[in-house]
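Data first, discussion second: the structure below is written as structure tokens.
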Amino acid sequence: MSDDHTNSLGPLLSKLPRELVLEVTLTLCSFSQNSYANILLVCRPLYNLCRLNCLSAVPVVLQTHHQATLFAEYLQATPSAAPRIRRLWIIKDLHNIIPQCTNLYSLACDGHDLVPISSSETFHHTHLNDLTIMGLWDFWSPFLKARHSRTLCGKLQKLWLLDHLFLRGVAMEWWSSLRELYYWSIEGRGGRDQFQDEVDLLKSLPALEKFGVIMHSPSPSVFRQLAQIGDARLGVVAWGIEGK
2 MSDDHTNSLG PLLSKLPREL VLEVTLTLCS FSQNSYANIL LVCRPLYNLC RLNCLSAVPV
62 VLQTHHQATL FAEYLQATPS AAPRIRRLWI IKDLHNIIPQ CTNLYSLACD GHDLVPISSS
122 ETFHHTHLND LTIMGLWDFW SPFLKARHSR TLCGKLQKLW LLDHLFLRGV AMEWWSSLRE
182 LYYWSIEGRG GRDQFQDEVD LLKSLPALEK FGVIMHSPSP SVFRQLAQIG DARLGVVAWG
242 IEGK
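Structure (structure tokens):
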């Protein structure tokens, strides 16, 4: 049965209840920002229905500083939008975007951009459980000293690190903060004992279900080392030339 919110959406959509229309559009918007933009262009009634209601499903990807600037301007012009953002990938937060989006559950950002949200008087990002850290490893020192760094880590269920050096200089006892973490992925480095850090972490994180090490064209010796370690939780995510 149609309702007042859908009776102007055309001969097909007008026959559906508002909840079903939203369910369909939420699914479509979850694919990409372009899908969201295309839905808003269909007609004015659908625009009005989905403009804010579907934001929670949209993966917001800001790959350039120009895109980040435009998005910051959008948030400033639409204050009700920021709390609706759930998924954000941002190359570098120069516009205070992350602190505004307090209901994120998935975030990919430069490690240095975690320091402000972890150092605030109150920790607001209590829903964040899927984190990808990009950039250089040298943010660890200020992050570890931040007021809410352990609180942030205690919420995480998935963690992706794009630099193996992130593990350097961090006391293993500190990793106990990752008590909810069940998946960890990190860029791997070569070397005879290349899995030593990962093995130590597996010992410190008994709740961890999977530890994926991202490697470019791993050699057969890599898989021999894995076999010798004998921990089914540790695996290699190969890219480039297919590994054996």
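Following my numbering, the numbering of the sequence shown begins with 2 at its first residue and continues without gaps. Beta carbons: idealized from backbone N, C-alpha and C, even for Gly. The structure presented is a predicted model; accordingly, all values stated were derived computationally and were not measured.
No residue range can be given for THR123, since it is assigned to no beta strand (DSSP E) and is classified by DSSP as neither H nor E. Relative to SER33, the option among CYS55, GLN226, LEU157 whose CA is nearest is CYS55. If the five residues before and after GLU210 are omitted, its C-beta is found closer than 6 Å to the C-beta atoms of TYR183, all from its own chain and listed in chain order. Partner residues in the beta bridge of ASP111, as assigned by DSSP, are MET135. Judged by beta-carbon spacing, ALA69 lies within the 8 Å limit of ILE92, meaning their Cβ atoms are closer than that value. Here the stretch 129 to 148 makes contact with the stretch 107 to 116; the two share three or more CB pairs at distances below 8 Å. Bridge pairing for ARG88: PRO60, SER107 [DSSP].
The C-alpha of PHE140 is placed about 29 Å away from the C-alpha of ALA82. Burial of PRO219 is indicated by the presence of at least 16 other C-beta atoms within 10 angstroms of its C-beta. Counting only residues of its own chain and dropping the five nearest sequence neighbours on each side, GLU181 has a CB closer than 6 Å to the CB of GLN158.
The residues PRO117, ILE118, SER121, HIS125, in chain order, have a CB closer than 8 Å to that of PRO100 in the same chain once the five nearest residues on each side in sequence are set aside.
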